[in-house]
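In the numbering used here, the protein residues as written are 82 to 275.
Glycine residues also receive a C-beta, built at the ideal position from the N, C-alpha and C atoms.
In what follows, a structure is listed as structure tokens, so that the remarks can point back to it.
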Amino acid sequence: MIVGSAGSPCTSWQQSIPVASVAVGTPPSSDAEQPGGNAGGKCARDYRHGVSDLHDRRFADLDVGLFHDLLRLRVDVFVVEQACAYPELDGRDVEPGTRHVWIGGSNGDPVAYLRVLAEADGSHRIGRVATRTDRRGGGLAGRLVDHVVASTPGRLVLDAQSQLEDWYLAKGFVRTGDEFTEDGIPHVPMAWGD
Numbered sequence: 082m083i084v085g086s087a088g089s090p091c092t093s094w095q096q097s098i099p100v101a102s103v104a105v106g107t108p109p110s111s112d113a114e115q116p117g118g119n120a121g122g123k124c125a126r127d128y129r130h131g132v133s134d135l136h137d138r139r140f141a142d143l144d145v146g147l148f149h150d151l152l153r154l155r156v157d158v159f160v161v162e163q164a165c166a167y168p169e170l171d172g173r174d175v176e177p178g179t180r181h182v183w184i185g186g187s188n189g190d191p192v193a194y195l196r197v198l199a200e201a202d203g204s205h206r207i208g209r210v211a212t213r214t215d216r217r218g219g220g221l222a223g224r225l226v227d228h229v230v231a232s233t234p235g236r237l238v239l240d241a242q243s244q245l246e247d248w249y250l251a252k253g254f255v256r257t258g259d260e261f262t263e264d265g266i267p268h269v270p271m272a273w274g275d
């Protein structure tokens, strides 16, 4: 069970929709970071990095300002930093089954993010894993991935940048196909679970 700071259970996305802020049931990961709920309450806090709750919400539960901040982090990492001129807005952010998972900084601004898509075959696709440059190395992306693995039933799939394959292997993912290039960056397909 995931428990909030007041000892009350956090709402899990599996139990009710909309999703409130939730936290993983383990302490923050000490693994090296790689590049790339309890409504209104505090569930988890990582004082080493000045981060607040881990949040897991559907699009309908995001306000415009927050959604802008999440997209800004993604654009900063994928479009600007990695110099990939591709349409970041693919229409999937607003789908009813899409989950937006992030960790907020001490001021509430997103410092790490990923999105989970509900696929037609029943699997869930992790993507857009991004950590703000000044917050890398503290295990934030690992906390996000650990949360999704723990809170998502069934098969998880993702296309990892090849340089991060070992990192995902250490998280329990397995490679499921040949390397391919997307937006000039080598990737490998990977999966976790059934």
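| request: Determine the contact status of Phe-159 and Ala-201, defining contact as a CB-CB distance below 8 angstroms. | output: For the purposes of this step, residue 159 is identified with residue 78 of the sequence shown, where counting begins at 1. For the purposes of this step, residue 201 is identified with residue 120 of the sequence shown, where counting begins at 1. Contact check for Phe-159 against Ala-201 fails: the beta carbons are separated by 8 angstroms or more.
- Task: Kindly confirm or deny that the region 152-171 and the region 220-234 touch, where touching means at least three C-beta pairs closer than 8 angstroms.
- Result: With the rule of 3 Cβ pairs closer than 8 angstroms, the region 152-171 does not count as touching the region 220-234.
Could you check whether His-228 and Leu-135 sit closer than 8 angstroms to each other, using their CB atoms as the reference points? On the sequence shown, residue 135 is found 54 positions in, with the first residue counted as 1. On the sequence shown, residue 228 is found 147 positions in, with the first residue counted as 1. If you check the CB distance, Leu-135 and His-228 come in under 8 angstroms.
Open item on the list: As a quick exercise: from Leu-237, Tyr-194 and Asn-188, pick the residue whose alpha carbon is nearest that of Pro-270.
Closed with: Stepping through the sequence shown from its first residue, residue 270 is reached at position 189. That would be Leu-237, whose Cα lies nearest to the Cα of Pro-270.
What would DSSP say about Glu-146, mapped onto helix, strand or coil?
In the sequence shown, counting from the first residue as 1, residue 146 sits at position 65. In the sequence as displayed, the identity of residue 146 is Gly instead of Glu. Here Gly-146 sits in helix by DSSP.
Exercise for review: Please check the pair Arg-206 and Leu-239, which I expect to be a contact at CB under 8 angstroms, by giving their CB distance rounded to whole angstroms.
Suggested key: Counted from its first residue, the sequence shown places residue 206 at position 125. Counted from its first residue, the sequence shown places residue 239 at position 158. The Cβ separation is near 6 angstroms, so the contact holds.
Range of the contiguous alpha helix (DSSP H) that encloses Asp-247: To locate residue 247, count along the sequence shown from 1; it is residue 166. First-last of the alpha helix (DSSP H) with Asp-247: 246-251.
- What's the C-alpha gap between Pro-234 and Asp-215? Here residue 234 refers to the residue found at position 153 when the sequence shown is read from its first residue. Here residue 215 refers to the residue found at position 134 when the sequence shown is read from its first residue. Each residue's Cα considered, the two are about 32 angstroms apart.
Measuring alpha carbon to alpha carbon, tell me which residue in Gln-163, Leu-151 and Leu-245 is nearest Pro-191. For the purposes of this step, residue 191 is identified with residue 110 of the sequence shown, where counting begins at 1. Nearest to Pro-191 by C-alpha distance, out of Gln-163, Leu-151 and Leu-245, is Leu-151.
* To do: Please name the residue in Tyr-194, Gly-274, Asp-174 and Pro-177 whose C-alpha comes closest to that of Trp-183.
  => Within the sequence shown, residue 183 is the residue found at index 102, counting from 1. Looking at the Cα atoms, Tyr-194 is the closest of the given residues.
| task | Can you check DSSP and say which residues form a bridge with Glu-263? | result | The residue you call residue 263 lines up with position 182 of the sequence shown. Answer by DSSP bridge pairing, in chain order: Ile-266.
Would a C-beta distance cut-off of 8 angstroms place Phe-261 and Ala-272 closer than the cut-off?
To locate residue 261, count along the sequence shown from 1; it is residue 180. To locate residue 272, count along the sequence shown from 1; it is residue 191. Not in contact: Phe-261 and Ala-272 (Cβ atoms no closer than 8 angstroms).
Report task. Out of Ser-243, Trp-248 and Arg-213, state which residue places its alpha-carbon closest to the alpha-carbon of Leu-154. Result -> Residue numbering aside, residue 154 sits at position 73 when the sequence shown is read from its first letter. Closest by alpha carbon: Arg-213.
- Query: Can you tell me the Cα-Cα spacing of Asp-275 and Val-161, whole angstroms?
  - Reply: Working through the sequence shown from its first residue, we reach residue 275 at position 194. Working through the sequence shown from its first residue, we reach residue 161 at position 80. If I take the Cα positions, the gap works out to 36 angstroms.
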